[in-house]
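Undergrad:
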Amino acid sequence: MRGRSIILGMAAVTWLGLSAASAFGEDRPRRVLVCEAAGPSTTRGVAVGAVAGGVMGNAIAGRGNRTAGAVVGAGLGGLAGHGIARSQNQNNQECRYEYQYL
Numbered sequence: 000m001r002g003r004s005i006i007l008g009m010a011a012v013t014w015l016g017l018s019a020a021s022a023f024g025e026d027r028p029r030r031v032l033v034c035e036a037a038g039p040s041t042t043r044g045v046a047v048g049a050v051a052g053g054v055m056g057n058a059i060a061g062r063g064n065r066t067a068g069a070v071v072g073a074g075l076g077g078l079a080g081h082g083i084a085r086s087q088n089q090n091n092q093e094c095r096y097e098y099q100y101l
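Letter by letter, the sequence shown follows residues 0 to 101 of numbering that gives the first Met the number 0.
1. Just the Cα atoms here: how many angstroms apart are Gly63 and Gly56?
2. For a quick check, are the C-beta atoms of Gly76 and Gly44 less than 7 Å apart?
3. Determine the closest residue to Thr41 out of Glu93, Ala84 and Tyr98, with distance taken between C-alpha atoms.
4. Could you check if Gly61 is buried or exposed, using at least 16 other CB atoms within 10 Å of its CB as the buried criterion?
5. Run through DSSP, which three-state label would Arg27 get?
What follows is the structure in structure tokens.
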């Protein structure tokens, strides 16, 4: 009889340990896929676009409006450069698996 109560006691302790582990399962790390842009930042695209747009705006504008043409061209060129650099960065992603606590 004594051996039977020891076995039942061990089974109860094991069952309690397993149920506690499943109740606190959120402390275990989980494998998560993380993706990041791998290309250069859009800052370079904005700068190149602004310079090119400013030069083109200055050249296209009439004689009295060269400064305004350069400013408008720089703004539009910067927006275009940002859009081009951003579209190129979306295609280049580095993905890896990490273990995180959720």
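Glycine residues also receive a C-beta, built at the ideal position from the N, C-alpha and C atoms.
Source: prediction; values computed, not measured.
TA: Checking against the coordinates, here is how it stands:
1. The residue given as residue 63 occupies position 64 in the sequence shown. The residue given as residue 56 occupies position 57 in the sequence shown. Distance from the CA atom of Gly63 to the CA atom of Gly56, rounded to whole angstroms, is 13 Å.
2. Within the sequence shown, residue 76 is the residue found at index 77, counting from 1. Within the sequence shown, residue 44 is the residue found at index 45, counting from 1. Cβ atoms of Gly76 and Gly44: not closer than 7 Å.
3. For this step, residue 41 is matched to residue 42 along the sequence shown. Considering only alpha carbons, the answer is Ala84.
4. In the sequence shown, the residue the question calls residue 61 occupies position 62. Residue burial is scored here from C-beta neighbours: Gly61 has fewer than 16 other C-beta atoms within 10 angstroms and is therefore classed as exposed.
5. Your numbering for residue 27 matches position 28 in the sequence shown. Secondary structure of Arg27 (DSSP, three-state): coil.
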